[in-house]
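To keep things clear, I will list the structure first and then write my remarks on it.
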Amino acid sequence: MNTIRNNIKEGAIDFCHNFGWAWWLEIDTQNPICTYYFGPFLTAREAQAAETGYVEDLEQEGATGITATIKRCKPETLTVSADLA
């Protein structure tokens, strides 16, 4: 039963993402100067629940000046960095 539920949820996430309706966690860091996108999520609540883990990972990697925003979007690039330009 969980497999069916997971398949339905994944299908819903894909559908929402295709139309730009999925929720994403946008995390900006000041050092390094980067924007990271994590998702897609079906609900803002799911994105919020995942936020702490992503922020902790970035802190462990040495990132500072971290701000997070949950929003509906369809990012073309998952990591945007001045260093990658």
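Residue numbers for the sequence shown follow our numbering, so the first one is 375 and each next one is one higher.
Where is the CB? At the ideal position from N, CA and C, for every residue including glycine.
How big is the Cα-Cα spacing for F389 and A424?
Going from the Cα of F389 to the Cα of A424 covers about 21 Å.
To which residues does DSSP link K445 through a beta bridge?
Among the bridge pairs identified by DSSP, K445 is matched with W398.
L452 burial status per 10 Å Cβ neighbour count (16 or more: buried)
exposed
Three-way DSSP call (helix, strand, coil) for G436 in this model:
coil
Would you tell me roughly how many angstroms separate the C-alpha atoms of G439 and G427, rounded to the nearest one?
16 Å
For T441, the nearest candidate out of A396, L432 and T417 (CA to CA)
Nearest of A396, L432 and T417 to T441, Cα basis: L432.
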